[in-house]
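Structure first, commentary second.
Written out as structure tokens, the structure is:
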């Protein structure tokens, strides 16, 4: 019986790569992440600004509805922020048609929709005739025959602020951003003054 003796191989050992990233690989990944971040971050900031702007227009629509309802209603109308739902709502001091003998109570207005403040946008400040109200829970009442208070609602996030202003005798609010008025929605045009009296509308 012959014994087999293992001889050491004279072939070179294959190159074994270390279990780590090289400096060049790390630099390439860092450059790729920087390029992707430079493209995405401005879009995200623009999206946040657009969300604040859209919320400002929704609040302006709500204030316009409040102005319309308070000018036509024969009973007090209130614009309030519901602390339970964090929505802007219009309420009316009205009697219950099923129990007309009972005194009038505050009820949600059937003819208006609520205004939802989305996540990421906050009601920063609310002022009625220059007096600050608690932003999370407030109510402004417009009574027939009494001038409506001047309303200012400031909304925004960390980067953008928009103020929605409703003047006492105005039928529609306006937006301001950093002190500059912004056009919202439709604006009335005097066709006669513009020389467009024969234009179809």
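Numbering (my numbering), first residue to last: 826 to 1026. Note that the Cβ used here is the ideal one computed from N, Cα and C, for glycine as well.
Three-state class that DSSP yields for residue i in the structure shown
i           : result
residue 939 : coil
residue 877 : helix
residue 889 : helix
residue 857 : helix
residue 990 : strand
residue 996 : coil
Burial state of residue i, where buried means 16 or more other Cβ atoms lie within 10 Å
i            : result
residue 890  : buried
residue 981  : buried
residue 1011 : With a pLDDT of 48 at residue 1011, under the threshold of 50, the modelled position of this residue cannot be trusted, and the question is left open.
residue 962  : exposed
residue 1054 : A question about residue 1054 goes unanswered here, because the residues of the chain that appear run from 826 up to 1026.
residue 977  : buried
residue 1019 : exposed
residue 1000 : buried
residue 944  : exposed
residue 1017 : exposed
residue 934  : buried
Opposing strand residues paired with residue i [DSSP bridges]
i           : result
residue 931 : 918
residue 905 : 914, 964
residue 956 : 953
residue 981 : 947, 986
residue 847 : DSSP lists no partner for residue 847.
residue 976 : 953, 991
residue 896 : Bridge partners of residue 896: none, in fact.
Rounded Cβ spacing between residue i and residue j (contact assumed at less than 8 angstroms)
i           : j           : result
residue 897 : residue 998 : The Cβ separation is near 17 angstroms, so there is no contact.
residue 884 : residue 989 : 5 angstroms
residue 903 : residue 931 : 7 angstroms
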